[in-house]
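Add 1068 to a position in the sequence shown, counting from 1, and you land on the number used in the working numbering.
Before any comments, here is the structure.
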Amino acid sequence: MHSIRSSALLTFALWGVACTSPVEEPGSTLPGRCQVEAPLISAQKTDLLFVIDNSGSMAEEQEAIATELPAFLDELRQGNGVEQDFRVGVITTSVYLRAFFDNREHLTGFPDQAGRLQPVPDELGRPTAERYLDEGDPELLEKFRRLVKVGTRGSGQETPFEAVRLAVTPPLSTTRVGEGGNGGFLRDGARLLVVVVSDEEDCSSTEWPPPVVLTEDTTKDLCSEQADRLTPVREYVRLFRNLEDGTGATREVLWATIGPVALGDKRAEAVLDRTPQGTFVRNVDCPTSYGPGYRQREMTSLFDTGLKNLDSICRASFRETLVSIATLARTSQSIEVVNLPDARLMQVRVTREDDSVQTCSVAGGDLTYEPATDQRAARLYFQSSCPRRPTDKKLEVKLLCAN
């Protein structure tokens, strides 16, 4: 009798172990029943920083950028299943200036520029207190067009890399806008897209005074000839890629350039152009440039080896260029999700351009999952087997039932 009772108890115990649900396992995040609320894709936050060359040769280029901003904004708002939440700010390429007075040469700075967000002009061109524009502003296009026309009284020594460094690091990044800084422009958890527009080479250095100073000799390209004295491009890239996003994570940074490179193949190569007005250093196949774009090209290539983020400042129209940059901005290879109890129960369904639907999952290796923390939401990263494409029509996140 005793042996029969022991056998029965053992059978019951084994039955209990066999019927244990994964939901009841220690540390499980699997829900015990199907959820009514589906996981939600958070709006994709992108902060756009335009870096506009405001030297004396840039009036036509600034006007050309302003003309094509409607196409840029239209493309940026095409979310392909992900809502876009963006804001725009503008800085100039002016950080230091070579000037003459009292028969002496002096090196000075630009206290109202040097990485500072430029004021949004009103209808009469007067500066306002606004320093950046949000996507929901009903006057976004009109204000944006006025904002990119920063004038042509800036430095002839263009330093976009240094201007960006100053803009996105302390003290400017932590000093409030009302107190002369850029604080509040970069949002927690937002990506940063930098768009440089310039007809000359970058001549940036983190040192003061700068080790390379341009002269009035237009036959010389001192920024290229003395490039070993400038801060290496890779050092600026390292700095930008290590920016924090306010949630404890690294901020995702994208970079695009409309600069002095060849129209045909985007190469950087110096040539001398002898004209009735004088001899000028230009980039090959770019007749309106004022120098080769070696550093500009290197910077963009370190963010995209395919150079989809680079185009020539010598184009007659920037429409296609700006549309391409907007496409880059809106097609992120990661999305933020909320109300996702366990990534193993999730599927992402991507409707492609031809209306075919690709189903992707963490379990299948098409996605990787970064769980939520106290400071930031969970995030899904698309892998090469399931990339997001600019032509996608729809993106859905589905939650499978555990039971």
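For glycine and all other residues, C-beta sits at the position ideal for the given N, C-alpha and C.
Buried versus exposed, by CB contacts within 10 Å (16 or more), Q1186: Classification of Q1186: buried, given that the 10 Å Cβ count is 16 or more.
Beta-carbon proximity check, T1419 vs D1460, cutoff 8 Å: Taking a C-beta distance under 8 Å as the contact criterion, T1419 and D1460 qualify as a contact pair.
Collapsed DSSP secondary structure at L1375 in the structure displayed: Three-state result, L1375: coil.
Under 8 Å between C-beta atoms of R1383 and T1389: Here R1383 is near T1389, since their CB atoms are less than 8 Å apart.
Beta-carbon contacts of A1139 that lie in its chain and below 7 Å, excluding the five residues immediately before and after: Same-chain partners within the cutoff: R1387, L1390, V1391.
Own chain, CB closer than 6 Å to R1213, minus 5 neighbours either side, in chain order: Answer for R1213: A1134, L1137, listed in chain order.
Between the CA atoms of Y1304 and D1256 - distance to the nearest angstrom: Going by C-alpha positions, D1256 is about 22 Å away from Y1304.
Cβ neighbours of V1216 in the same chain (closer than 7 Å, five flanking residues each side left out): Contacts found: F1118, I1120, Q1130, I1133, A1134, V1158.
Beta-carbon proximity list for R1457, same chain, < 6 Å, skipping 5 on both sides: Counting only residues of its own chain and dropping the five nearest sequence neighbours on each side, R1457 has no CB closer than 6 Å to any other CB.
Other residues of its chain near S1059: CB distance less than 6 Å, five sequence neighbours each side excluded: No statement about residue 1059 is possible, as the shown extent of the chain runs from 1069 to 1471 and does not include it.
T1315 versus R1444, F1450, I1381, residue with shortest Cα-Cα distance: Of R1444, F1450, I1381, the residue nearest in Cα terms is R1444.
Three-state secondary structure (DSSP) of Y1304: Helix.
Residue range of the beta strand (DSSP E) that includes E1151: In the DSSP annotation of this structure, E1151 is not part of any beta strand (DSSP E), being labelled neither H nor E.
Span of the alpha helix (DSSP H) around G1291: A small fix is needed here, since residue 1291 is Cys in this sequence, not Gly. Counting along the chain, the alpha helix (DSSP H) containing C1291 begins and ends at 1290–1293.
Beta carbon of D1289 nearer than 8 Å to that of G1359: Contact: yes.
Reduced DSSP category for T1054 - H, G, I as helix; E, B as strand; rest coil: The structure shown does not extend to residue 1054, since the chain is modelled only from 1069 through 1471, so no value can be given for it.
CB contact flag (Q1415, L1468, <8 Å): Going by C-beta atoms, Q1415 is nearer than 8 Å to L1468.
CB of A1258 within 8 Å of CB of D1353, strictly: No, the pair does not count as a contact, with Cβ atoms beyond the cut-off.
Inter-stretch contact (C-beta, 8 Å, three-pair minimum) for the segment 1319–1331 and the segment 1366–1381: Contact check between the segment 1319–1331 and the segment 1366–1381: three or more CB pairs, one atom from each, fall below 8 Å, which counts as touching.
Coarse secondary structure for I1393, derived from DSSP in three states: DSSP places I1393 within a helical segment (H, G or I) once states are collapsed to three.
Minimum length 3: unbroken beta strand (DSSP E) runs contained in the segment 1194–1253: As far as the segment 1194–1253 is concerned, it has no whole beta strand (DSSP E) run of at least 3 residues.
Three-state secondary structure (DSSP) of I1381: Of the three classes helix, strand and coil, the one that applies to I1381 here is coil, per DSSP.
Distance CB(V1150)-CB(L1463) smaller than 8 Å: Yes.
Segment contact flag, the segment 1262–1278 with the segment 1364–1371, C-beta cutoff 8 Å, min 3 pairs: With the cut-off at 8 Å, the segment 1262–1278 and the segment 1364–1371 touch.
Reduced DSSP category for E1275 - H, G, I as helix; E, B as strand; rest coil: Here E1275 sits in coil by DSSP.
Opening and closing residue of the beta strand (DSSP E) in which Q1181 lies: Per DSSP, Q1181 lies in no beta strand (DSSP E) and is assigned neither H nor E.
Proximity below 8 Å, CB of Q1345 to CB of L1282: Using a Cβ distance threshold of 8 Å, Q1345 and L1282 do not count as a contacting pair.
Per DSSP, the bridge partner or partners of R1342: For R1342, which the question treats as bridged, DSSP gives the partners T1347.
Span separating the alpha-carbon of T1237 from that of R1244: Here the alpha carbon of T1237 sits roughly 13 Å from the alpha carbon of R1244.
Nearest neighbour of T1343, chosen from Q1146, T1287, V1156, R1302 [CA to CA]: The shortest Cα separation from T1343 among Q1146, T1287, V1156, R1302 belongs to T1287.
A1134: first and last residue of the uninterrupted alpha helix (DSSP H) it sits in: Element bounds for A1134: 1127–1135.
Minimum C-alpha distance to G1219 - residue among P1239, P1195, W1276: Nearest C-alpha to G1219: P1195.
Bridge partners - Q1443, DSSP secondary structure assignment: Answer is none; Q1443 lacks a bridge partner.
Nearest candidate by alpha-carbon position, reference L1396, set Q1181, L1322, E1268: For L1396, the closest alpha carbon among the candidates Q1181, L1322, E1268 is that of L1322.
Endpoints, beta strand (DSSP E) assigned at F1118: F1118: member of the beta strand (DSSP E) spanning 1112–1120, first to last residue.
A1139 in three-state terms, based on DSSP: Assignment of A1139 by DSSP, reduced to helix, strand and coil, places it in the helix class.
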